[in-house]
Amino acid sequence: MITLRGLTKRYGEKTVVDALTCDITPGQVTGFLGPNGAGKSTTMRMTVGLDHPHAGEVLVGGRRYAELKHPLREVGALLDAKALHPGRSAGKHLLAMARSNGIAASRVEEVLATVGLSDVAGKRAGQFSLGMGQRLGIAGALLGDPGVLLFDEPVNGLDPDGVRWVRQLMRSLAAEGRTVFVSSHLMSEMQLTADHLIVIGRGRLLADAPVAEFIAGNSRTTVSVRVPDGGDRTALDRRLRAEGGLTHPGEPDELVVDGLAVTRVGDLVHELGIRVHGLAERTASLEQAYMELTASSVEYGVSA
Ligand SMILES: Nc1ncnc2c1ncn2[C@@H]1O[C@H](COP(=O)(O)OP(=O)(O)OP(=O)(O)O)[C@@H](O)[C@H]1O
Numbered sequence: 001m002i003t004l005r006g007l008t009k010r011y012g013e014k015t016v017v018d019a020l021t022c023d024i025t026p027g028q029v030t031g032f033l034g035p036n037g038a039g040k041s042t043t044m045r046m047t048v049g050l051d052h053p054h055a056g057e058v059l060v061g062g063r064r065y066a067e068l069k070h071p072l073r074e075v076g077a078l079l080d081a082k083a084l085h086p087g088r089s090a091g092k093h094l095l096a097m098a099r100s101n102g103i104a105a106s107r108v109e110e111v112l113a114t115v116g117l118s119d120v121a122g123k124r125a126g127q128f129s130l131g132m133g134q135r136l137g138i139a140g141a142l143l144g145d146p147g148v149l150l151f152d153e154p155v156n157g158l159d160p161d162g163v164r165w166v167r168q169l170m171r172s173l174a175a176e177g178r179t180v181f182v183s184s185h186l187m188s189e190m191q192l193t194a195d196h197l198i199v200i201g202r203g204r205l206l207a208d209a210p211v212a213e214f215i216a217g218n219s220r221t222t223v224s225v226r227v228p229d230g231g232d233r234t235a236l237d238r239r240l241r242a243e244g245g246l247t248h249p250g251e252p253d254e255l256v257v258d259g260l261a262v263t264r265v266g267d268l269v270h271e272l273g274i275r276v277h278g279l280a281e282r283t284a285s286l287e288q289a290y291m292e293l294t295a296s297s298v299e300y301g302v303s304a
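For the sequence shown, position 285 matches number 285 in the UniProt record's numbering, and the numbering has no gaps at all.
Right under this line is the structure:
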């Protein structure tokens, strides 16, 4: 469990993490979303003692990071995959981490195997590709077999196979009862990986909800009706509007209906005796819901 209570961080005049209060609970993957500069990395850095809050606190398993005797056994983190000694081999890098936290040397081979780097254990980390570096960072996070894991954009630079591997790893770590907190800008991937979401904008909490609830609460479900005959389409359009629906054209043979349930649209089609080629409910994607929610919190954007 990670507990944030009024967590606040300022850089100069700017408050980059602003009174964040939430719990990141075990047994599920919690996605951490927010526009560039929202304060995600800063929050994660404070969780593992690399930055210090100006106010409030962040606790791991009920304790501050500084109070943990062997921190890597309690919380593992992939924050900046490039932050390692480039001349040191992957194996030696992990061994040094293990020694500093009283972790058995045998864990090094285990985690290298888990991330698929056993064959390059002797290679210098500086020669690693972006994806290999990410895998090594993940190995470091797993080293102490911790109950709490933080991953800051873990799929950055990974190929599709690697992205899928990370997704499965996150899911299995959560299924083992661990707390998995992961940031990403890849909404489609988050939709597949996360159970719960924490969304921030300009350092403030915007949402703390299960993925499905977040999507439902920040977007509208529409109904798509495919009507091949233009005359029928006009008649249906008129009727749907009379019933209080908002309609707009989609594909050439399609009407998109807002504000009426799919069952009601189906009944009206039947009543009018209209031939249709498709009737479907369209649920918004996480990306649409996210864009909707964060539109006013984007700091570094270009106007459309
Ligand atoms: N060491 C620092 N000194 C000054 N400002 C900083 C420092 N670290 C971060 N910031 C500022 O704090 C804000 C939050 O940055 P942070 O990296 O936490 O955001 P983020 O949500 O992780 O963004 P991204 O999605 O781009 O990685 C930004 O405006 C950033 O410029």
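All C-beta atoms in this analysis are idealised placements derived from N, C-alpha and C, irrespective of residue type, glycine included.
When distances are taken from the beta-carbon of Val-16 to the heavy atoms of ligand 1, the shortest one is below 7 Å. DSSP, read as helix, strand or coil, puts Gly-259 in coil. For the 8 Å CB-CB criterion, Gly-203 and Val-16 form a contact.
Partner residues in the beta bridge of Val-182, as assigned by DSSP, are Gly-31 and Phe-151. Note on Tyr-11: under 16 other CB atoms within 10 angstroms of its CB, so exposed under the neighbour-count rule.
The region 211-223 makes no contact with the region 44-56; the number of CB pairs closer than 8 Å stays below 3.
In the DSSP annotation of this structure, the continuous segment of the alpha helix (DSSP H) that includes Pro-71 starts and ends at 71-74. No Cβ-Cβ contact shorter than 8 Å links Leu-286 with Leu-268. Beta-bridge annotation (DSSP): Ala-209 is paired with Leu-197.
Of the candidates Thr-283, Arg-45, Ser-224 and Met-97, the residue whose Cα lies closest to the Cα of Ala-212 is Thr-283. Listed in chain order, the non-local C-beta contacts of Leu-293 below 7 Å within the same chain comprise Val-199, Leu-206, Ala-207 and Asn-218, local neighbours out to five positions each way being set aside. Inclusion of Leu-95 and Val-108 in the CB contact set at 8 Å is warranted, their separation being smaller than that value.
With respect to the 8 Å criterion, Val-257 and Val-223 are classified as neighbours on the basis of their beta carbons. Contact annotation, Ser-172 with Asp-152: C-beta distance approximately 20 Å; criterion of less than 8 Å not satisfied. Annotation: the continuous alpha helix (DSSP H) that includes Ile-138 extends over 130-142.
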